[in-house]
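> This is the structure I want to talk about, given as structure tokens.
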Amino acid sequence: MKPDAVAVAALVILLFPMGYFLLASPAFLLVKLDIPPVTQLLRGMFNIQFRMMAVTGVLATVAFLVAGRPLFATGIGLIAALAIRGRGWFMQRMDDELSARDAGDTEAVRRLRRLHWSGMLCNAMLVAALVTSIPYVAMSS
-9 MKPDAVAVAA LVILLFPMGY FLLASPAFLL VKLDIPPVTQ LLRGMFNIQF RMMAVTGVLA
51 TVAFLVAGRP LFATGIGLIA ALAIRGRGWF MQRMDDELSA RDAGDTEAVR RLRRLHWSGM
111 LCNAMLVAAL VTSIPYVAMS S
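Put into structure tokens, the structure is as follows:
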């Protein structure tokens, strides 16, 4: 068995934005989400995270296909599809909660916090799944 450099490189490229988000997003747990500049920064971070996951996911899917790894390409392709399709849904929900907060809805901040937690949890689960798959990706069959 020999290392499959293309597949490992694709996985590392995919893990980079996910790891950054995993480390950066908990900082927003320390601030109140009723401060507009804070929530705009949080919104921007989620927006760029979805975009980066879409781009790196598509590139990694192509890399796995080139490496002859269709099963891994399918898994990574699902992550890319989740980022592409999920971005619109997630950002719309965030915008709705921001508008509700600005209109005086006192529960909107709580819903924003739940949305923040759910985004972090989804990312953490995907990172765990990808890190767990590294030994299987690193060795070619």
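Each step along the sequence shown adds one to the number in this note's numbering, with nothing skipped, and position 84 is 74. We put the CB at the ideal spot given by N, CA and C, even for glycine.
Excluding the five sequence neighbours on either side, which residues of its own chain have a C-beta within less than 6 Å of the C-beta of R33, listed in chain order?
Locating residue 33 in the sequence shown gives position 43, counting from the first residue. So the qualifying residues of the chain are M84.
> What is the C-beta distance between I3 and A50, in whole angstroms, given that I count them as a contact (C-beta under 8 Å)?
As a first step, residue 3 is located in the sequence shown; it is residue number 13 there, counting from the start. As a first step, residue 50 is located in the sequence shown; it is residue number 60 there, counting from the start. Right, the Cβ-Cβ distance comes to about 6 Å (below 8 Å), so this counts as a contact.
> When you compare the stretch 18 to 27 with the stretch 120 to 131, are there three or more beta-carbon pairs, one atom per stretch, that lie closer than 8 Å?
no
> Just how far apart, CA to CA, sit D(-6) and G65?
Translated into positions along the sequence shown, residue -6 becomes position 4. Translated into positions along the sequence shown, residue 65 becomes position 75. Spanning the two alpha carbons is a distance of roughly 17 Å.
> According to the Cβ coordinates, are L12 and V127 closer than 9 Å?
Translated into the one-based positions of the sequence shown, residue 12 becomes position 22. Translated into the one-based positions of the sequence shown, residue 127 becomes position 137. Not closer than 9 Å, so no.
> I'd like the list of long-range same chain contacts for V48, defined as Cβ closer than 6 Å, with 5 residues on each side in sequence excluded.
On the sequence shown, position 58 is the one that residue 48 refers to. Hits under 6 Å: A70.
> Where does F6 land, buried or exposed, given buried means 16+ other C-beta within 10 angstroms?
Taking the first residue of the sequence shown as position 1, residue 6 is located at position 16. Classification for F6: exposed.
> When you compare only the Cα positions, how much space is there between G9 and A(-3)?
By 1-based counting over the sequence shown, the position of residue 9 is 19. By 1-based counting over the sequence shown, the position of residue -3 is 7. Rounded to the nearest angstrom, the two C-alpha atoms are 18 Å apart.
> Do A57 and A0 have their CB atoms nearer than 9 Å?
Taking the sequence shown and counting its residues from 1, the one referred to as residue 57 is at position 67. Taking the sequence shown and counting its residues from 1, the one referred to as residue 0 is at position 10. Taking 9 Å as the Cβ cut-off, A57 and A0 qualify as a contacting pair.
> Taking its Cβ as the centre, do 16 or more other Cβ atoms sit within 10 Å of M115, making it buried, or is it exposed?
Along the sequence shown, read from residue 1 onward, the residue named residue 115 stands at position 125. M115 should be labelled exposed.
> Among V121, D24 and M42, which residue has its Cα nearest to the Cα of D92?
By one-based count along the sequence shown, residue 92 stands at place 102. The option with the nearest alpha carbon to D92 is D24.
> Straight-line CA distance for M42 to D95?
As a position in the sequence shown, residue 42 is number 52, starting the count at 1. As a position in the sequence shown, residue 95 is number 105, starting the count at 1. Rounded to the nearest angstrom, the two C-alpha atoms are 32 Å apart.
> Please say whether T29 and L111 have beta carbons closer to each other than 9 Å?
Locating residue 111 in the sequence shown gives position 121, where the first residue counts as 1. Locating residue 29 in the sequence shown gives position 39, where the first residue counts as 1. No, the Cβ-Cβ distance between L111 and T29 is not below 9 Å.
> From S89, S108 and A53, pick the residue whose C-alpha is nearest to that of S15; which is it?
As a position in the sequence shown, residue 15 is number 25, starting the count at 1. Ranking S89, S108 and A53 by Cα distance to S15 puts S108 first.
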